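Using the working numbering, you'd call the opening residue of the sequence shown number 1143 and step up by one each time. For every residue, glycine included, the Cβ atom is placed at its ideal position computed from N, Cα and C. As the structure is a prediction and not an experimental result, all values here were calculated from the model.
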Amino acid sequence: MPAISPSLLPILMLFASNVFMTFAWYGHLKFKGHSLPIVIMVSWGIAFFEYWLAVPANRWGSAVYSAAQLKTMQEVITLVVFAAFSVLYLKEPLGWNHALGFAFIAAGAFLIFHKWG
1143 MPAISPSLLP ILMLFASNVF MTFAWYGHLK FKGHSLPIVI MVSWGIAFFE YWLAVPANRW
1203 GSAVYSAAQL KTMQEVITLV VFAAFSVLYL KEPLGWNHAL GFAFIAAGAF LIFHKWG
């Protein structure tokens, strides 16, 4: 396992993997003139690199976090990456309703990580 903190490494890897996955799933929306089979193949190629990051992130992360915590982190990271992608790459603004929805998801993440009792 690399020398980066065991609690930080999976978070960094999940961020990187989500950048690849967001481009794989949504990057083609700027290229609607390309045929769907080509878009699917390119997306698969991009997603290949996402798996090379996500699988070890979860494997190594399971030494520090529960599976539910890893999944929760992944979902929150996905929203953060997607929000930036949407605004910066797709040029689609986010509104107050998006912020409120993301806040509810963040509240759910807090509950997953908070130890009760």
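Rounded to whole angstroms, the gap between the alpha carbons of SER1147 and TYR1207 is 13 Å. If you ignore the 5 residues before and after SER1204, its C-beta comes within less than 7 Å of the C-beta of LEU1212, all in its own chain and listed in chain order. The C-beta of VAL1223 has 16 or more other C-beta atoms within 10 Å across all chains shown, which makes the residue buried. In this structure, the CA atom of GLN1216 is about 6 Å from the CA atom of LEU1156. Under the Cβ criterion (8 Å, minimum of three pairs), the segment 1192-1199 counts as touching the segment 1150-1164. For VAL1223, the enclosing alpha helix (DSSP H) starts and ends at 1209-1230.
When the Cα atoms are used, PHE1227 and THR1164 turn out to be separated by approximately 8 Å.
The C-beta distance from PHE1162 to ALA1145 rounds to 23 Å, too long to fall under 8 Å, and the pair is not in contact.
DSSP, reduced to helix, strand and coil, places PHE1173 outside both helices and strands of the structure shown, so it counts as coil. Taking the CA atoms as reference points, ALA1248 sits about 36 Å from HIS1176.
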